[in-house]
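Heads up, the thing below is written out as structure tokens.
Residue numbers (our numbering), protein chains in the order written: chain X, 8 to 109; chain F, 8 to 109; chain D, 8 to 109; chain R, 8 to 109; chain G, 8 to 109; chain H, 8 to 109.
Listed below in structure tokens is the structure:
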């Protein structure tokens, strides 16, 4: 259990249940989109929304789901045009941290 | 030329040039991500950012790039969890308009 | 069934199920916050996020849940300082439409 | 009195007083920034935040404060890079409406 | 005087005056909404807008104004649906820090 | 080369090329708006969008482009009304760091 998840479990246990049962137990498992596609759109949304706390974890998940580092680089470049250069710059900084970790 | 593009051409001609030469002429054509993948992330970002003016055009482009209506439905459902129910509700309304048009 | 709900049902039926079962069937019914308090925070969030499509419906729900028109006026004024004057101005416009309808 | 202001006056009269006394009566009148500079930053912020309801009025105010149409075109182009192409596209559409009116 | 307030006082003294005289001296003191209700909507807006710098201080203020930790937990869970899971996750992290401090 | 730029160069080299060639090589150099005006609108947008990672660098650039510290103070105060007090508070904190450095 990641630190972020354990914090949600401690502070808002019902939200932790909903995360486990609905978001990860149901939505992420639906066959209508592959895990790789779900990672693509999640990473894109987190970059666009400047969600710096959650992006590193979902970048790692994206790598696990088969998105390559080069594809993440392309997503960051593409997003610069749709949510602005600053969102891409922060995403690049966080991606470097994730890439450097392994 | 779509109406939106012709308006940009009229009001901000240099931006129209940059759209044609850099965004669509270069970034969208880069081989690092397929057109379908680029449509997935663009649609996801526009839903998350509540960009109601631009989402319909990119939903049509997504359909042209091979994203199915069922996949758009899954993207909307997935985004509800990452950018909130209201962003998904507006996306559903706009998707229905696009789907009903053909 | 409101129009917005029927559109979600048509375009993204699983999201409609989640709305009925989880958001309205579970979260809104939890006793930890009164319905009035839930309306206060939902209206505040929709104003702050400039969610113009969803605010009217939740203003009507707030009135049903016991929030008064004068309290909605205070929320709008308070939000001007936390999310900016433009978000308050749009909220005032939409509140007037809701108030004028009955 | 513009329609937007009269609506705020009707729905949230204290906010209307704060707008008249504090925002327009004090802040906009402070000599630390010229009216033209205040219009530049207000228009930039409204474009970046996708505040479609308030941008037209502030584009007209910017023209009154000495910002030229060509400068508005440059602001829109510049903002495309900082808040994303969609914010610039909507700004261009609204600027065309304002420019066409006079 | 909190650190945040003293910084505003140093960098933007007129804004500090407006905070003291208008926001806290007038708006927060208006009888149209209780202090508890104002804390509910302020916390909701700060969660929804991902305002990580300001949320801890307003969580402490909410506790002072009679909002319980369990109610904050419910607000965070409720907001997950209106502004997205990431905004709730960051709010949970910050709430834990505030709760652990006392 | 700043750290932020070198990170973008490493993670997303094509984005770094676009920054150098298009954003800074072309857009910032266009004569339609002075460098000072471009700094005014960039700083305003970054404050409004709560882009904490990028604001310090652009505050330094603004000082280099002839925007004074007193003018930055006025921009922050002005923005409080258009994007909300929290965006101004974070901008004040970051401006103090930049001002204290030189």
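The beta-carbon is built from N, C-alpha and C at its ideal position, and this holds for glycine as well. Here the structure is a predicted model, which means the values were calculated and not measured.
- Contact annotation: residue 23(X) and residue 16(X) have beta-carbon atoms nearer than 7 Å.
- Listed by position along chain F, the residues whose Cβ is nearer than 7 Å to that of residue 89(G) are 91, 92 and 93.
- Nearest to residue 10(G) by alpha-carbon distance, out of 30(G), 64(G) and 91(G), is 64(G).
- Interface with chain F (7 Å Cβ-Cβ cutoff): residue 32(X) is excluded.
- Nearest neighbour of residue 103(G) by Cα position, chosen from 56(G), 66(G) and 21(G), turns out to be 66(G).
- Contact between residue 62(F) and residue 30(F) does not hold, since their C-beta atoms are separated by about 17 Å, which reaches or exceeds 8 Å.
- The Cβ-Cβ distance between residue 48(H) and residue 83(R) does not fall below 7 Å.
- Between the alpha carbons of residue 35(H) and residue 92(X) lies a distance of about 14 Å.
- The beta carbon of residue 86(R) sits closer than 8 Å to the beta carbons of 51, 54, 55, 94, 95 and 98 from its chain, once the five residues preceding and following it are set aside; these are given in chain order.
- For residue 81(D), the closest Cβ of chain G is nearer than 7 Å.
- Closer than 7 Å to the CB of residue 78(R) there is at least one CB belonging to chain H.
- Residue-level contact check: residue 19(H) does not touch chain G, since none of the beta carbons of chain G fall below 7 Å from its beta carbon.
- Think of a sphere of 8 Å around the beta carbon of residue 29(X): the chain D residues whose beta carbon falls inside it are 25 and 29, in chain order.
- Neighbours of residue 96(F) in chain X, taken as residues whose beta carbon is under 8 Å from its own, are absent, since the nearest beta carbon is some 16 Å off.
- Against chain F, the CB of residue 39(X) has a partner CB under 7 Å away; the residue lies at that interface.
- Under the Cβ distance rule, residue 42(G) does not count among the residues neighbouring chain X, no pair being separated by less than 7 Å.
- Looking at the backbone, the Cα of residue 32(X) and that of residue 69(X) are separated by about 17 Å.
- Apart from the 5 residues on each side of it in sequence, residue 76(X) sits with its Cβ closer than 7 Å to the Cβ of 106 in its chain, given in chain order.
- For residue 13(X), the uninterrupted alpha helix (DSSP H) segment begins and ends at 10 to 18.
- Its chain contains 35, 72 and 73 as the residues whose beta carbon lies nearer than 8 Å to that of residue 42(G), once the 5 sequence neighbours on both sides are disregarded; these appear in chain order.
- Non-local C-beta neighbours of residue 40(G) in its own chain, meaning closer than 7 Å and more than five positions away in sequence, are absent.
- If you draw a straight line from the Cα of residue 90(H) to the Cα of residue 58(F), it is about 18 Å long.
- DSSP places residue 88(G) inside the alpha helix (DSSP H), whose first and last residues are 76 to 90.
- For residue 49(H), there are no C-beta contacts with chain G under 8 Å, since the nearest C-beta of that chain is about 19 Å from it.
- Straight through space, the alpha carbons of residue 25(R) and residue 21(G) are spaced by roughly 16 Å.
- No Cβ of chain F is located within less than 7 Å of the beta carbon of residue 101(D).
- Pairing residue 14(R) with residue 109(H), the inter-Cα distance amounts to about 47 Å.
- At least 7 Å separates the CB of residue 11(G) from every CB of chain D.
- For residue 66(X), no Cβ of chain G is located within less than 7 Å of the residue's own Cβ.
- In chain H, no part has a C-beta under 7 Å from the C-beta of residue 105(G); the shortest such distance is about 16 Å.
- Nearest CB-CB separation between residue 75(H) and chain G: not below the 7 Å threshold.
- Around the Cβ of residue 45(D), a 10 Å sphere holds 16 or more other Cβ atoms; the residue is buried.
- Chain R has no Cβ within less than 7 Å of the Cβ of residue 54(F).
- Within 7 Å of the CB of residue 45(F), the CB atoms of chain X belong to 85, in sequence order along the chain.
- In the three-state DSSP reduction, residue 93(R) falls in the helix class (H, G or I).
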